[in-house]
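Using this note's numbering, the first residue of the sequence shown is number 39, and each one after it goes up by one.
Here the structure comes first, spelled out in C-alpha cells, and everything after it is commentary.
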Amino acid sequence: MTDQLRRFLYRRVLLIGPILFGVLLVTFLLVRIGDQDPVAMLAGPTASAAQIAEVRAELGLDRPVLEQFAIYIAKVATGDLGRSWLNSRPVLDDLWRRVPVTLELLLLGVGLAAAIGIPAGIAAAFRPDGRFDQISRLVSLLGFSIPTYWLGLLAIFVFFYLLGWAPPPMGRLSLMIDAPPHVTGSYVIDALLAADPDALGSAVAQLVLPVACITIIAAAPMLKQARAIAIDVLASDYVRYARASGLPARDIRAIVRRNSAVPLLTFAGTELTGLVGTSSLIELVFAWGGMGQYGLSAILEGDFTAVQGYVLFVACFSLLVFVVVDLLVMLLEPRAQTA
Numbered sequence: 039m040t041d042q043l044r045r046f047l048y049r050r051v052l053l054i055g056p057i058l059f060g061v062l063l064v065t066f067l068l069v070r071i072g073d074q075d076p077v078a079m080l081a082g083p084t085a086s087a088a089q090i091a092e093v094r095a096e097l098g099l100d101r102p103v104l105e106q107f108a109i110y111i112a113k114v115a116t117g118d119l120g121r122s123w124l125n126s127r128p129v130l131d132d133l134w135r136r137v138p139v140t141l142e143l144l145l146l147g148v149g150l151a152a153a154i155g156i157p158a159g160i161a162a163a164f165r166p167d168g169r170f171d172q173i174s175r176l177v178s179l180l181g182f183s184i185p186t187y188w189l190g191l192l193a194i195f196v197f198f199y200l201l202g203w204a205p206p207p208m209g210r211l212s213l214m215i216d217a218p219p220h221v222t223g224s225y226v227i228d229a230l231l232a233a234d235p236d237a238l239g240s241a242v243a244q245l246v247l248p249v250a251c252i253t254i255i256a257a258a259p260m261l262k263q264a265r266a267i268a269i270d271v272l273a274s275d276y277v278r279y280a281r282a283s284g285l286p287a288r289d290i291r292a293i294v295r296r297n298s299a300v301p302l303l304t305f306a307g308t309e310l311t312g313l314v315g316t317s318s319l320i321e322l323v324f325a326w327g328g329m330g331q332y333g334l335s336a337i338l339e340g341d342f343t344a345v346q347g348y349v350l351f352v353a354c355f356s357l358l359v360f361v362v363v364d365l366l367v368m369l370l371e372p373r374a375q376t377a
C-alpha cells in the first residue's frame, strides 16, 4: 500500500465517525417530531390512558429526549440496534438477513444499466443530433419520466397478467419451490452452490421483472451523463489534436472511453447509493422482502427502532460505496492521489 493510499484511508476513517453520528442524530430527532404516535398504535385503539402510559414507559419514551438518545448511541456502539416494536425481533438480525436480497437486486440492475447506458451514451456523443442520438435522448427522457412504482405495476400487468410470461410477483421464489440452503442470502448463488436447478430457475425467473425495472430507472441517467461527459471529452484540446494528427477513429474512441471512465465511475457510485431508496418501491410492488421494503414498512407502521436501523444501514452502505469508488478513482487516475 502506497503512502497516498494510506493517508486517503486514514482521512476517510476519520470522517466516517462524525458522519454516522450526524445521521443517527438527525434520524433520531426526525422520527420523534412526526405526527405518528407508535405507542397508541401498539396499544391499540381501545387502550386506556393508563395502558398507553405503561407501553410508553416500557419503550423508554417517557424519558427526556437527550437521555433516550444517549441510551440509543450507547447501544449502537455495542452493535445493538434495538428490537422492532412490532415483531420484537432484533433489528440488526432483520437487516442482515435482508441486505443480500437488496444487493442482489441492485447490483444486477445497476450493472445492466451501466452495460447498456454508458456505451449507448458514448456512441450517441460521436454523432450529436444523429438518428441514434435522437432515439437515445427519447429513451432517456422516458426513463426519467416514468414513476418507479408505476413502472413496476405496468410490468406486472403486461408480462404477468396479459401475456403470462412472468411468474406471479409473490417474492423471490415460486410458492412450490423450497429455498436452497442459506449460504450467501442470494437465492441464485445459493441454488448454484447447492446444484438445485429448480430453485435456480425459479429464482432467475422471479428476478427478471424487478431487475428490468431497476435497469430502466438507472439506465436513463447513465445514458444522459455518459453522453454529456463524452461530448466534453470530444471537445477537449487533446482530442482535437489527436484528430488533427490523423489518429484513426478507433483510437479516438479509445481515448474518449478512457477519459470518461473516472467521472462515469463516480456517477455510477452516486447512482447506486441513490437507488437504495428508489428500489424500496420496486421491492414493495414485487413483495421482494429486501432491506428497502423493510424500511418502507417500518416508516408506514411507525416502527421507530426499525427506521433508525434502516437509515443507519443505508448510510453505512453509501459511505462504503463512496470509499470504494474513491479508491478505484485513485487507481485509474494517478493525479487524484495528490489531491
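Cβ coordinates follow ideal geometry from the N, Cα and C atoms, glycine included.
Bear in mind that the values here come from a model prediction, so they are computed numbers and not experimental data.
Starting from the C-beta of residue i, find all residues in its chain whose C-beta is less than 7 Å away, skip the five residues before and the five after it, and write them out in chain order.
i, result
"R171", "With the sequence shown as reference, residue 171 is identified as Asp, and Arg is not the correct amino acid for it. Closer than 7 Å at the Cβ level, and outside the excluded window around D171, lie A162, R165."
"S212", "P205, S240"
"P301", "I267"
"V367", "V300, L303, T304, A374"
"I54", "L357"
"R296", "none"
"Q331", "S318, E321, L322"
"F360", "G307"
"R127", "R121"
Between which two residues does the alpha helix (DSSP H) holding residue i run?
i, result
"I227", "225-231"
"E105", "103-115"
"P219", "Premise fails: P219 is in no alpha helix (DSSP H) and is neither H nor E."
"G190", "186-193"
"L334", "329-339"
"I293", "287-323"
Within the same chain, show all residues whose beta-carbon is closer than 6 Å to that of residue i, passing over the 5 residues directly before and after it, in chain order.
i, result
"G223", "P138"
"A237", "I215, P218, A229"
"I254", "G181"
"A115", "none"
"A232", "P218, P219"
Under 8 Å Cβ to Cβ from residue i, same chain only, skipping five residues before and after it: list those, please.
i, result
"L143", "L245, P248, V249, I252, S317, I320, E321, W326, G328"
"I90", "V77, A78, A81"
"I269", "A163, P166"
"Y110", "L62, F66, G120, Q346"
In this structure, does DSSP put residue i in helix, strand or coil?
i, result
"R165", "coil"
"P56", "helix"
"R127", "coil"
"R121", "strand"
"D364", "helix"
"W134", "helix"
"E371", "coil"
"R210", "coil"
"A88", "helix"
"D40", "Residue identity check: residue 40 is Thr in the sequence provided, not Asp. In the structure shown, T40 sits in coil (DSSP, three-state: anything other than H, G, I, E or B)."
"D171", "helix"
"D275", "helix"
"D100", "coil"
Just confirm the distance between the C-beta atoms of residue i and residue j, as a whole number of angstroms; I'd bet it's less than 8 Å.
i, j, result
"V345", "A336", "5 Å"
"S178", "K262", "5 Å"
"A256", "G147", "6 Å"
"T311", "F355", "7 Å"
"Y187", "V323", "6 Å"
Within 8 Å (strictly less), CB to CB, does residue i reach chain D?
i, result
"D341", "Going by chain labels, chain D is absent from the structure shown, which holds only one protein chain."
Touch test, the segment 279-295 against the segment 187-195, Cβ-Cβ under 8 Å, three pairs minimum = no
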